[in-house]
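Peer 1:
Protein chains: 2
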Amino acid sequence: MGTTDAFGLELGNLPDMLTIELRMGQILAEKAFSTISHTQVSPGLFMILTLIRNNPGQKQASLARSVQLDRSTMVPIMDHCERQGWVQRQPFPGDRRAHAICLTSSGVELVEKLEQDARKLETQVTAAMGKQKRDQFLTLLKEFQQALLAGSQVEVSS
Amino acid sequence: MGTTDAFGLELGNLPDMLTIELRMGQILAEKAFSTISHTQVSPGLFMILTLIRNNPGQKQASLARSVQLDRSTMVPIMDHCERQGWVQRQPFPGDRRAHAICLTSSGVELVEKLEQDARKLETQVTAAMGKQKRDQFLTLLKEFQQALLAGSQVEVSS
DNA sequence: TATTGTTATACTCTATAACTATA
DNA sequence: TATAGTTATAGAGTATAACAATA
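Heads up: the protein sequence lines correspond to chains A and B, in order. So that you can map any letter, position 96 of the first sequence is 96 in this note's numbering, and since no number is skipped, the others follow by simple counting. So that you can map any letter, position 57 of the second sequence is 57 in this note's numbering, and since no number is skipped, the others follow by simple counting.
(1) Counting only Cβ-Cβ distances shorter than 7 Å, please list the residues of the region 18 to 43 of chain A near chain B, keeping chain order.
(2) Would you report the Cα separation of residue 39 of chain A and residue 91 of chain B, rounded to the nearest angstrom?
(3) Please compile the residues from chain B whose C-beta is within a distance smaller than 7 Å of the C-beta of residue 147 of chain A.
(4) Where do the N-terminal and C-terminal ends of the beta strand (DSSP E) with residue 103 of chain B fall, by residue?
(5) For the alpha helix (DSSP H) containing residue 96 of chain B, name the first residue and the last one.
(6) Mind checking whether residue 74 of chain A and residue 144 of chain B have CB atoms under 8 Å apart?
(7) State the DSSP-derived secondary structure class of residue 35 of chain B, mapped to helix, strand or coil.
(8) Is there a C-beta anywhere in chain A that falls below 8 Å from the one on residue 144 of chain B?
(9) With a cut-off of 8 Å, does the C-beta of residue 57 of chain B fall near any C-beta of chain A?
(10) Is it true that the CB of residue 103 of chain A sits closer than 8 Å to the CB of residue 53 of chain A?
(11) Name the chain A residues that come within less than 8 Å of residue 47 of chain B, Cβ to Cβ?
(12) Exposed or buried, residue 48 of chain B, counting other C-beta atoms within 10 Å across all chains shown (16 or more means buried)?
(13) Taking only the alpha-carbon atoms, compute the straight-line gap between residue 117 of chain B and residue 50 of chain B and give it to the nearest angstrom.
(14) Is the beta carbon of residue 18 of chain B sitting closer than 8 Å to the one on residue 122 of chain A?
(15) Does the beta-carbon of residue 157 of chain B have 16 or more other beta-carbons within 10 angstroms, so that it is buried, or is it exposed?
(16) What would DSSP say about residue 58 of chain B, mapped onto helix, strand or coil?
Set out below in structure tokens:
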């Protein structure tokens, strides 16, 4: 009767729920990304590194808030990045409690490599969906995030 | 210069990558869903239970493939659902290796409760984005998944 | 030979609570 | 009092490898 998936299972009203479809889309996208990029870097870490590159000198806690992580979760992530030589913790001007997080040049290189991988995936998706739809999709994805942040569903603790 | 997020951080070209935006969207959606639904059930489990409801009597392995999980990962999930009284493992007609997975009536009730919660979230998103955009977003989300499954990026092992 | 369910095991990601040093 | 970073700890969620039963 209804829609079936790639394995012949009945999806019923599953495809009518944004939460579920979003989850499925993200799972597929992460698998595709890790197939293309042979780095050990997850999309989650990719996001954090890009955020640091675009905002050098931020506090760990600010970065954590931006990606919806607890600040304690950020500690082992930064430890790992520092050990790999991708980021540096520097003194934060005017606040001796805080660290200013920056990318090293090797971190910048890594981000650029990952961006290239991401672009490969984008190219494949664009080829399959068409450029107009792909762009439209990205636009709506951003509006969807705005909608969630605007509602009281997700806290925007500053 | 560029776009900034809710916390004032520069996003740079981050918003131009589907993988990243999808990830962020999904994180926000899961937080919103768990704020609305006070069940202990994650969107991931919600998806699995709905799939079982729509496809009663499937093998564990088929369900696992459909949601992109290893079949060994499915074992503790089904154990948990069985202990909670949501699903039953029954003999699979014609294959004595397999189990036929079905929802109990209490499992059906749970799924209906979760669907109600999901609809609440949909209503809030629709109010913020507008119905047309929300529907368009869902359509494109499905096409995006198709694009990934169609490409060789994600294995469709049968 | 291949598949189904399972076990044992380990790895990743994340959060909570409590501590310290600053602010 | 509140915030930044940290530690210790615990809980999800997931995968790999190997096994027995069955196809």
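C-beta: ideal position from N, C-alpha, C; glycine also. Because the structure is a prediction, the values reported are computed rather than measured.
Peer 2: So, from the listed chains and residues:
(1) 18, 19, 20, 21, 22, 23, 24, 25, 26, 27, 28, 29, 31, 32, 33, 35, 36, 43
(2) The sequence position of residue 39 of chain A within the first sequence is 39, counting from 1. The sequence position of residue 91 of chain B within the second sequence is 91, counting from 1. Cα-Cα distance, rounded: 43 Å.
(3) Taking the first residue of the first sequence as position 1, residue 147 of chain A is located at position 147. Correct list: 125, 128, 129.
(4) In the second sequence, the residue the question calls residue 103 of chain B occupies position 103. Its beta strand (DSSP E) spans residues 99 to 103.
(5) In the second sequence, residue 96 of chain B corresponds to position 96, counting from 1. Counting along the chain, residue 96 of chain B falls outside any alpha helix (DSSP H), and DSSP gives it neither H nor E.
(6) Within the first sequence, residue 74 of chain A is the residue found at index 74, counting from 1. Within the second sequence, residue 144 of chain B is the residue found at index 144, counting from 1. The answer is no: Cβ separation not under 8 Å.
(7) Against the second sequence, residue 35 of chain B aligns to sequence position 35. Note: residue 35 of chain B maps to helix in three-state DSSP.
(8) Translated into the one-based positions of the second sequence, residue 144 of chain B becomes position 144. It does: the Cβ of residue 144 of chain B has a partner Cβ on chain A nearer than 8 Å.
(9) Indexing the second sequence from 1 puts residue 57 of chain B at position 57. Not an interface residue.
(10) Indexing the first sequence from 1 puts residue 53 of chain A at position 53. Indexing the first sequence from 1 puts residue 103 of chain A at position 103. The answer is yes: Cβ separation under 8 Å.
(11) As a first step, residue 47 of chain B must be located in the second sequence, where it is residue number 47. Chain A residues near residue 47 of chain B: 14, 20, 23, 24.
(12) In the second sequence, residue 48 of chain B corresponds to position 48, counting from 1. Buried, by the Cβ-count rule.
(13) What you label residue 117 of chain B is simply residue 117 of the second sequence in a count that begins at 1. What you label residue 50 of chain B is simply residue 50 of the second sequence in a count that begins at 1. So the two alpha carbons sit approximately 13 Å from each other.
(14) Taking the second sequence and counting its residues from 1, the one referred to as residue 18 of chain B is at position 18. Taking the first sequence and counting its residues from 1, the one referred to as residue 122 of chain A is at position 122. Closer than 8 Å, so yes.
(15) As a position in the second sequence, residue 157 of chain B is number 157, starting the count at 1. Here the model assigns residue 157 of chain B a pLDDT of 46, short of 50, so the residue's position is not dependable and the matter cannot be decided.
(16) As a first step, residue 58 of chain B must be located in the second sequence, where it is residue number 58. In this structure, residue 58 of chain B counts as strand in the three-state DSSP scheme.
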